[in-house]
Amino acid sequence: MLARPPPAALMTRRQHAPGAGVPRRVLERPAIPRAKRKFHTRLVVVAAGGQGTKVLVVGSGGREHSLAWKLAQSPECEALFCAPGSPGTAAEPGVENVAIDMSDNRAVVDFCKREGIGLVMVGPEAPLVAGLVDDLAAEGVRAFGPSAAAAQLEGSKKFMKDICKKYNIPTAAYETFTDADKAKAYIRSQGAPIVVKASGLAAGKGVIVAATPEEACAAVDSMLIDNAFGDAGSEVVVEEFLDGEEASFFALLDGPNAVALASAQDHKAVGDGDTGPNTGGMGAYSPAAVVTPEIEAQVMDEIVLRTAKAMVEEGIPFRGVLFAGLMIKNGKAKLLEHNVRFGDPECQGLMARLGSDLLPALIAACDGKLGQVKLEWKPEAALTVVMAAKGYPGPYKKGTPIRGLERATTAKVFHAGTATNAAGELVASGGRVLGVTALGGDVSEAQARAYEAVRAIDWEDGFYRTDIGWRAVARLKAGASK
1 MLARPPPAAL
11 MTRRQHAPGA
21 GVPRRVLERP
31 AIPRAKRKFH
41 TRLVVVAAGG
51 QGTKVLVVGS
61 GGREHSLAWK
71 LAQSPECEAL
81 FCAPGSPGTA
91 AEPGVENVAI
101 DMSDNRAVVD
111 FCKREGIGLV
121 MVGPEAPLVA
131 GLVDDLAAEG
141 VRAFGPSAAA
151 AQLEGSKKFM
161 KDICKKYNIP
171 TAAYETFTDA
181 DKAKAYIRSQ
191 GAPIVVKASG
201 LAAGKGVIVA
211 ATPEEACAAV
221 DSMLIDNAFG
231 DAGSEVVVEE
241 FLDGEEASFF
251 ALLDGPNAVA
261 LASAQDHKAV
271 GDGDTGPNTG
281 GMGAYSPAAV
291 VTPEIEAQVM
301 DEIVLRTAKA
311 MVEEGIPFRG
321 VLFAGLMIKN
331 GKAKLLEHNV
341 RFGDPECQGL
351 MARLGSDLLP
361 ALIAACDGKL
371 GQVKLEWKPE
381 AALTVVMAAK
391 GYPGPYKKGT
401 PIRGLERATT
411 AKVFHAGTAT
421 NAAGELVASG
431 GRVLGVTALG
441 GDVSEAQARA
451 YEAVRAIDWE
461 DGFYRTDIGW
471 RAVARLKAGA
481 SK
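Counting from 1, one number per residue, gives the positions in the sequence shown under UniProt numbering.
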């Protein structure tokens, strides 16, 4: 159960999904005075015959755990499977893990047809780029996520930047190269700081922000000559350095239409004060204070909707969740990059804050009916602290025991990289291992509750940043002092 501070404590009750007889945990919200309520139209999508929808979540990380947790609460969810899932998803009421390799498209398709899956939620980017949604669609299985062609928005930074240039989407100036000497000549002509990116998927590690031309040229050599990122680095994007404050923004797309989700702010650097090498994300909070209503309107108009229109005009409409990585300065946002899936760890906070049923919204996006969807968000802030294995993002030890999760009562603990050993103990199996997520009346309260839960967990070989949410907390304190 996701903890929330009094008087808005979350309560649980047991409910049966239609036609399933499977106990479900449903989050109830305390009564809100009528004068303060915000009413939104809810879209309800029910499978033919009045039965609920069987759902498959593809993936095993913290993002997928939070999605499964949220989708399992839907009264329209008849049954929910995770492939391959984690010990965390296995412990959720009404969720069943299935031993399927998510990179084996044929195995996923066969399972869906055998079980009558009505919606596949593809979590990670790699299966999307590899065409899992295409293969499912070819067999008549509804899947949430873009086609392989549309997933190039993340799978190829060159493709994404070329779309931005062609359709006037605000982003950094850039050039792309496959020849190291030409890339280095361009770098010397531009000066530093400058950014060098592997064009393909590099697990979040293929971006070098170079402080000097020499550092940038070394990054080019590493990617194009030394093959540091394999095929992902066979082409590089060299782009203008943008300064400001970063944020993440998410929207659902069904091709031409888009529905805004929410903003978040990730913390990429491994150390407190945003120091040290970049990681896949050491924590996040939502909403991001830097994304004001005015900036959200600009992002929707100039980035999200222009991207949706561009993809339709290119003949490869985008259906799924569009993740816009933003750099914000002087009240304006520019696009750093697009991702074609929910962020991790941002997704955990978004799922904690989402007040609406997620399942009908995902189905509507698949079916081209987003115009009927409006989403309700809880007023609280959410904050996620990532607990990682010592040594991450470098070499780290696997198989180290984790204890005391039952004592983390002030937050919901999502499993990002865990397994069980032969003795049935919970152990670490990845670099980023747990995403400890709490709600609070503001980000400061959410931060306090998340760290209270983190300190209750016994994991000798883990570490975490102690300052997740520091920008937002500083803003609160500055406002209070005025």
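Backbone N, C-alpha and C fix where the C-beta goes; we use that ideal spot for every residue, glycine too.
6 Å CB neighbourhood of Pro401 in its chain, flanking five on each side removed: Glu425 and Val427
Short Cβ contact (7 Å threshold) for Ile194 with Ala219: no
Alpha-carbon to alpha-carbon, Ser189 and Thr418: 47 Å
8 Å CB neighbourhood of Cys347 in its chain, flanking five on each side removed: Gly62, Arg63, Ser66 and Leu67
8 Å contact criterion, which Ala137 and Ala143 should meet: CB distance rounded: 6 Å
Asp458 versus Ala389, Leu405 and Ala474, residue with shortest Cα-Cα distance: Leu405
Contacts around Thr109, its chain only, beta-carbon distance under 7 Å, and the 5 residues preceding and following it disregarded: One point to set straight first is that residue 109 is Val, not Thr, in the sequence displayed. Counting only Cβ-Cβ distances below 7 Å, and skipping sequence neighbours, we find Asp135, Leu136, Glu139 and Val141.
Contacting residues, own chain, Cβ-Cβ under 7 Å from Val373 (five flanking each side not counted): Leu43, Val259, Ala361 and Ala364
Beta-carbon spacing of Ala150, Ile316 below 7 Å: yes
Residue environment, Gly191, which counts as buried when at least 16 other CB atoms sit within 10 Å: exposed
Residue nearest to Ser263 in terms of C-alpha spacing, selected from Ala388, Phe323, Lys412 and Lys205: Phe323
Inside the segment 321-384 only - alpha helix (DSSP H) runs reaching at least 4 residues: 346-353 and 358-366
DSSP bridge partner residues for Ala423 (one or two, in chain order): DSSP lists no partner for Ala423.
Spatial neighbours of Glu337 in its chain, beta-carbon cut-off 6 Å, leaving aside the 5 residues before and after: Gly325
Same chain only: Cβ atoms within 8 Å of Gly462, ignoring 5 sequence neighbours per side: Met387, Ala388, Ala389, Lys390, Thr400, Ile402, Ala428, Val433 and Leu434
Nearest-angstrom beta carbon gap, Val236 and Leu224 [assumed within contact, 8 Å]: 6 Å
CA-to-CA distance, Pro256 to Lys369, given in whole angstroms: 10 Å
Among Gly331, Thr384 and Ile163, the one whose alpha carbon lies nearest that of Ala310: Ile163
Neighbourhood of Asn105 by C-beta distance below 6 Å, restricted to the same chain and skipping five residues each side: Leu132 and Asp135
Reduced DSSP secondary structure (H/G/I, E/B, other) of Arg114: helix
Residue range of the unbroken alpha helix (DSSP H) whose run includes Gly88: Pro87 to Ala90
One or two residues paired with Leu434 in a DSSP bridge: Met387 and His415
Exposure label - Pro277; buried when at least 16 CB within 10 Å: exposed
Nearest candidate by alpha-carbon position, reference Val95, set Asp101, Ser103, Met102 and Ala83: Ala83
Reduced DSSP secondary structure (H/G/I, E/B, other) of Tyr186: helix
Same chain only: Cβ atoms within 7 Å of Lys398, ignoring 5 sequence neighbours per side: Ala428 and Ser429
DSSP state of Arg319 mapped onto helix, strand, coil: strand
DSSP state of Thr279 mapped onto helix, strand, coil: coil
Leu476 to Pro75 span [Cα, whole Å]: 37 Å
Extent of the continuous beta strand (DSSP E) run through Ser263: Ala258 to Asp266
When Val473, Thr420 and Tyr464 are compared against Ala91, the one with the closest alpha-carbon: Thr420
Neighbour-count burial assignment, Val45, 16 or more Cβ in a 10 Å radius: Since pLDDT at Val45 reaches only 36, below the 50 mark, its modelled position is unreliable, and the value read off the structure follows with that caveat. Buried, since its Cβ has 16 or more Cβ neighbours within 10 Å.
C-alpha distance - Val340 paired with Lys329, whole-angstrom precision: 24 Å
Three-state secondary structure (DSSP) of Leu201: coil
CA nearest to the CA of Ile100, picked from Thr89, Gly273, Gly85 and Glu460: Gly85
Which listed residue (Gly431, Leu383 and Ala474) has its alpha carbon closest to that of Ala448: Leu383
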